[in-house]
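In what follows, a single structure is set out as structure tokens and then discussed.
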């Protein structure tokens, strides 16, 4: 069972990122529905925020990959 | 105005790519040391026979998905075409005794050792090692050898460069020929994307000084996007995991890091080293955090692109591996549509990651060059 602990860690990180990106997407959608004229601006900001959240999950994936080799 | 840019990109792009090419070769050597440790561990785990066939990686007769996937996302000295046919890319080694140049076909897919002018080499897990007469690895001599080969990733990068130069000289010519007229062909395909970079990325983040950074932003955007798209093509001219190579993303992030700090103004540095308007104990606490922050921004850029693209490749390969794990054609009925769906998502990811890298570069540069007129108000 090599790397299984790392995989659990990556899974936990995925939960966090899932909640984070879900909230960002949901809030952006709400904002866009209320103010469709700002949709473009909201989308750009949404993507940037999602990228920051996603980066954290990806750090975990990288560490999980490193754990896989050891 | 766009034709003026186009002319500048071409020149600028050439310089940038030359820099990327040289530095990423050098850095892959640095990262290589780390990989060697992994290779050594793997070596003891399985035999040479495990690497005999490109398609079937078996360890004690059992299919090993992890190994198959890892081998497919790594750089290689051969460019696999189909079955047992591969393009043998040139191996260029810079040794302490001089330069060696030979075809990677001499290694016969890792089976044979090749005796060059200075040493005998063997290709072990795509790392070139010096071996002695009995075939054991000579680590001391290997340390003297720098691998400057045109590998699969380098070849893809050169292909992307050629593609970008061709596309953008065509577009630039289009603007010169049809001055003031409606764009045509490639020109009309790329104009909206170039304007998107200008209006959605450069202008909001860089303000009125956006023109100075447009060549870099456009270069980095199209380079990453083209590389991502080429990586998604599963057969010959694509398939290399180029933007999923940490050496390449490191160089791209390094360029952003240098641009940010070279262009940083008085306010930028003041906010890092001695932030105005906060008490002294907090300043002492905040300065180290801000100094580390200079580098974490670039590191995050590096990891984000690398991990996103690598994760995409791993996902597609894992789904394909399911067929071989279950040894059933029925699984292919599930796996192939899944791969197709993931590939569509990856097409979007290819664009979004190029966008994110560019927009964050613009954002970081924007923070560094920002005027603090509003400072007086609060």
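Chains as they are written, first to last, in my numbering: chain X, 1 to 70; chain S, 71 to 448.
Glycine included, each C-beta is placed from N, C-alpha and C at the ideal position.
From a predicted model like this one, the values you see are computed outputs, not experimental measurements.
Who are the neighbours of residue 39 of chain X on chain S, taking C-beta pairs under 8 angstroms? Here the premise fails: no neighbours, minimum Cβ distance about 13 angstroms.
Spatial neighbours of residue 429 of chain S within its chain, please: CB distance less than 6 angstroms, with the 5 preceding and 5 following residues excluded, ordered by chain position. Contacts found: 271.
Rounded to whole angstroms, what's the CA-CA distance from residue 56 of chain S to residue 24 of chain X? Just pull it up for me. Here chain S comprises residues numbered 71 to 448, so residue 56 of chain S is not present and cannot be evaluated.
Is there a Cβ from chain X that is less than 8 angstroms from the Cβ of residue 415 of chain S? no
Starting from residue 337 of chain S, trace the alpha helix (DSSP H) both ways and give me its first and last residue. 336-343
Taking only three categories from DSSP, how would you classify residue 440 of chain S? coil
Top-ranked residue by Cα proximity to residue 53 of chain X, from S/370, S/384 and S/400: Of the listed residues, the one whose Cα sits closest to residue 53 of chain X is S/370.
With a threshold of 8 angstroms between beta-carbons, can residue 62 of chain X be considered close to chain S, or not? It does; some Cβ of chain S falls within 8 angstroms.
CB contact check: residue 12 of chain X to chain S, cutoff 8 angstroms: Not closer than 8 angstroms to any Cβ of chain S, the Cβ of residue 12 of chain X fails to qualify, so no.
Continuous beta strand (DSSP E) stretch holding residue 449 of chain S: start and end: In this structure chain S extends from 71 to 448, so residue 449 of chain S is not present and cannot be described.
Report the neighbours of residue 169 of chain S on chain X: residues whose CB is nearer than 8 angstroms to its CB, in chain order. Going along chain X, no residue has its Cβ under 8 angstroms from residue 169 of chain S, so there is no contact; the nearest lies around 32 angstroms.
Proximal chain S residues relative to residue 58 of chain X, where beta-carbon distance stays under 8 angstroms: 373, 374, 377, 378 and 381
Could you spell out where the alpha helix (DSSP H) holding residue 144 of chain S opens and where it closes? Premise fails: residue 144 of chain S is in no alpha helix (DSSP H) and is neither H nor E.
What does the Cβ neighbour count give for residue 345 of chain S, buried or exposed, with the cut at 16 atoms within 10 Å? Exposed.
Mapping the DSSP letters down to three states, classify residue 111 of chain S as helix, strand or coil. Because the pLDDT at residue 111 of chain S is just 37, under 50, the model does not fix this residue reliably, and the value given afterwards should be weighed accordingly. Helix at residue 111 of chain S.
Nearest residue (CA-CA) to residue 426 of chain S, options X/55, X/36 and X/6: If we check each option's Cα against that of residue 426 of chain S, X/55 comes out closest.
Host beta strand (DSSP E) of residue 160 of chain S (start-end): 160-165
Determine the chain X residues that contact residue 426 of chain S at a beta-carbon separation under 8 angstroms, and present them in chain order. 47, 48 and 51
State buried or exposed for residue 113 of chain S, treating a residue as buried only when at least 16 other CB atoms are found within 10 Å of its CB. Below a pLDDT of 50, predicted positions are generally treated as unreliable, and residue 113 of chain S, at 39, falls in that range; no measurement from the model is reported.
Residue 323 of chain S at chain X interface by Cβ criterion, 8 angstroms: Cβ-Cβ to chain X under 8 angstroms: no for residue 323 of chain S.
In terms of residues, what are the limits of the beta strand (DSSP E) holding residue 192 of chain S? Unbroken beta strand (DSSP E) run through residue 192 of chain S: 190-194.
Is any non-hydrogen atom of the ligand ATP found closer than 7 angstroms to the C-beta of residue 403 of chain S, if you look at the structure I gave you? The ligand ATP is not among the ligands present in this structure, which contains no ligands whatsoever.
Have a look at residue 29 of chain S and residue 182 of chain S and give me their C-alpha separation to the nearest angstrom. Missing from the structure shown is residue 29 of chain S; chain S here goes from 71 to 448 and no further.
If we call anything under 8 angstroms between Cβ atoms a contact, is residue 377 of chain S one with residue 58 of chain X? yes
What does residue 55 of chain X reach in chain S if we use C-beta pairs closer than 7 angstroms? 370, 373 and 374
To the nearest angstrom, how far is it from the Cα of residue 158 of chain S to the Cα of residue 220 of chain S? 10 angstroms
Decide if the region 322-339 of chain S is in contact with the region 276-291 of chain S; the criterion is three or more beta carbon pairs, one per stretch, under 8 angstroms apart. yes
Checking 8 angstroms against the spacing of the C-beta atoms, do residue 215 of chain S and residue 207 of chain S come in under that value? no
So, does the region 37-44 of chain X touch the region 348-361 of chain S, judging by three or more C-beta pairs under 8 angstroms? In the pairwise beta carbon analysis, the region 37-44 of chain X is classified as not touching the region 348-361 of chain S: fewer than three pairs are separated by under 8 angstroms.
Ordered along the chain, which non-local residues of its own chain (more than five positions away) have a Cβ less than 7 angstroms from that of residue 196 of chain S? Closer than 7 angstroms at Cβ, skipping near neighbours: 144, 145, 146 and 147.
Going by DSSP in three states, residue 376 of chain S sits in which element: helix, strand or coil? helix
Which two residues bound the contiguous beta strand (DSSP E) that contains residue 170 of chain S? Residue 170 of chain S -> beta strand (DSSP E) spans 168-173.
Whose C-alpha, out of S/177, S/175, S/189 and S/176, is nearest the C-alpha of residue 169 of chain S? S/189
Using a Cβ-Cβ cutoff of 9 angstroms, what residues of the region 254-280 of chain S are near chain X? List them in chain order. 270, 271 and 274
Shorter than 8 angstroms from the beta carbon of residue 422 of chain S to some beta carbon of chain X? yes
The region 300-320 of chain S: which residues have C-beta closer than 8 angstroms to a C-beta of chain X, in chain order? none
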